[in-house]
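Position one of the sequence shown corresponds to residue 18 (the working numbering), numbered consecutively onward.
Okay, structure first, notes after.
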Amino acid sequence: MKKALSIAILIMASLTAGAQVKIAVHETRPGAVIPAEIYGQFSEHLGRCIYDGIWVGLESDIPNQDGYRTDVLEALKALKVPVLRWPGGCFADEYHWRDGIGPRKNRPKMVNSNWGGTVEDNSFGTHEFLNLCELLGTEPYISGNVGSGTVEELAKWVEYMTAESGTMAELRTANGREKPWRVKYLGIGNETWGCGGNMTAQYYSDVFKRYGLYTRNYGGNRLFKVACGASGDDYEWTQTMMANARRHMDGLSVHYYTVDNWDDKGSATDFTPAEYYETITKTVEIDEILRNHIAIMDAFDPEKKVALILDEWGTWYNVEPETNPGHLFQQNTMRDAIVAGLNLNIFHKYTDRMKMANIAQIVNVLQSMILTKGREMVLTPSYHVFRMYSVHQNAEFIPTECECGDLFSERGRVMKDFSVSASRDADGRLHISLVNPRLDEAREVELSFDSLRPKAVRAEILSAPAINSFNEFGVAPAVAPLKFDGIRLRNGRLMLSLPPASIVVLEL
Ligand code: AHR
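Printed below as a string of structure tokens:
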């Protein structure tokens, strides 16, 4: 760390030290179901996400199952990945799917011009991706090439993946897969305002309709078509897309990265407390951004037929020293875990409109779940949050009210100094995820309920020796969840103390 954690000068808290956080859990007023897809992931042909991260090939001496790293496969199964977006990102708009089918030795090589000029040998293509999704029990989310690909190319890709008969199905069969795959989510382009074609929203809304029209449903497969959406607070984009194309889309996307300063994104591991507070206050700005996009969508579509799809989000820092700047490899600390917990608690509130979110990215790129180095693998603090929070997948949202204080960053951003979200699963279990983002003090928390009188509580905690602790290769993990015992029951209320910079998930 650049400075010791003397944060008194960095933040002001509006609650006095030791004051309680009071949470009222309204378990008698359930809301929308939290779609599992809110816990979605994103995998791009970028740096070492696919190659080294997921795919090592059949000849590798790294233990693998059909070319997929066994360690990563097992870790992803435990994570219950509901949906996986592929092949990009920016890469998607230069990806030509026919280069990635057939015998691997015959597949052409291309230069990955978006990401470091790396040579892409196309050894991981449609079959490798869709078979991976089947192994993981994950819904595939295909990102189609609109920037440099034709309508016909995308239409034929859909046919290749999902049709039962015809020339594309025969080609697929000749390549080793007779049965069509089930492909639900189809993105029609990515960031078409930038790396996906530099289009205006007006122009793209027509392009979207054209590509959308010719990407057909085959047999029983039903596509859910996602139109490319805004970057951050570009509300005009959402306005134009909803005005011109809402009747043709199932979902409209938005991207939001936690970046304080795009010119110098800061180090993933070497940051001051002040920088920490800039990161987390920047993170929670997503709340207002989602609310504003949703308000525009509500005006055009009060019946909520079109879903909001946050198909890229997460932290983005400077790359690790001595790594390829185009490979976006960054470490992942307890700060990233806090960012993940805060974001997920926010997303739960909007699931009557927001039906999917995909953190960027699953392995070795940006805010990853997993990092690999040769034969070694580590689970990041963000992985642990996703695993602990997986209990919210497909559970009913339970509203909460939270009385707490405020945090102020040095640049004047403000946020609440505590975060909570609750849900009830199909077996009637209540789960409550709590985040104490403060670095300076533990929070004494009291939870009350409408009518529930909890008798037994189980809990897990994620905390770390320091906010910049991370899990290193070859040593015992510094950040891993532990059983949490310090919960008191008093008159039907729960009392607990959350250490600084910690995350707790309760099960009642
Ligand atoms: O996730 C990295 C990149 O960020 C994606 O390729 C692109 O869509 C976004 O700009």
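The C-beta atom is built at its ideal place from N, Cα and C for all residues, glycine as well.
Between residue 112 and residue 172, the C-beta gap is not smaller than 8 Å, which leaves the two residues out of contact. Here the C-alpha atom of residue 142 lies approximately 16 Å from the C-alpha atom of residue 185. Closest in alpha carbon position to residue 398, among 392, 189, 499 and 268, is 499. Spanning the alpha carbons of residue 422 and residue 289 requires a straight line of approximately 22 Å. Remark: C-beta atoms of residue 47 and residue 413 approach each other more closely than 8 Å. With a threshold of 7 Å, the Cβ atom of residue 105 counts as near the ligand AHR, since some heavy atom of the ligand is closer than that. DSSP places residue 256 inside the alpha helix (DSSP H), whose first and last residues are 252-262.
Between the ligand AHR and the CB of residue 375, the shortest heavy atom gap is not smaller than 7 Å. In its chain, beyond the 5 residues on either side, 415, 439, 441, 447, 466, 467, 468 and 469 have a beta carbon closer than 8 Å to the beta carbon of residue 44.
According to the DSSP secondary-structure assignment, residue 374 is paired through a beta bridge with 327. Judged by DSSP secondary structure, residue 150 falls within the alpha helix (DSSP H) whose first and last residues are 143-153. With a threshold of 16 other beta carbon atoms within 10 Å, residue 220 falls short and is exposed.
Here residue 49 carries a coil assignment [DSSP, helix/strand/coil]. With fewer than 16 other beta carbons inside 10 angstroms of its own, residue 342 counts as exposed. The alpha-carbon of residue 249 is positioned some 29 Å away from that of residue 146. Across the set 324, 450 and 139, the C-alpha of 324 shows the shortest separation from the C-alpha of residue 259. Residues of the same chain with a CB within less than 7 Å of the CB of residue 138, apart from the 5 flanking positions on each side, are 124 and 126 in chain order.
Counting along the chain, residue 394 sits inside the beta strand (DSSP E) bounded by residues 393-396. At least one heavy atom of the ligand AHR is found less than 7 Å from the C-beta of residue 345. For residue 303, the closest of 361, 278 and 287 by C-alpha to C-alpha distance is 361.
Its Cα nearest to that of residue 107, the residue 166 stands out among 99, 515, 429 and 166.
Secondary structure note for residue 423: its beta strand (DSSP E) is the uninterrupted segment 423-425. Just so you know, the alpha carbons of residue 404 and residue 97 end up roughly 8 Å apart. Burial is judged here by how many other beta carbons sit within 10 angstroms of a residue's own beta carbon; residue 77 has fewer than 16 and is exposed. Selection 327, 432, 225 and 523 evaluated against residue 261 yields 225 as nearest (Cα-Cα). In the DSSP assignment, residue 204 falls within the unbroken beta strand (DSSP E) covering 202-205. In this structure, the ligand AHR has a non-hydrogen atom nearer than 7 Å to the beta-carbon of residue 63.
Taken through DSSP and simplified to helix, strand or coil, residue 173 comes out as helix. Separation of residue 274 and residue 385 (C-alpha to C-alpha, rounded to the nearest whole angstrom) is 13 Å. Residue side-chain check: residue 329 places its Cβ nearer than 7 Å to a non-hydrogen atom of the ligand AHR. In this chain, the beta strand (DSSP E) harbouring residue 158 covers 156-161.
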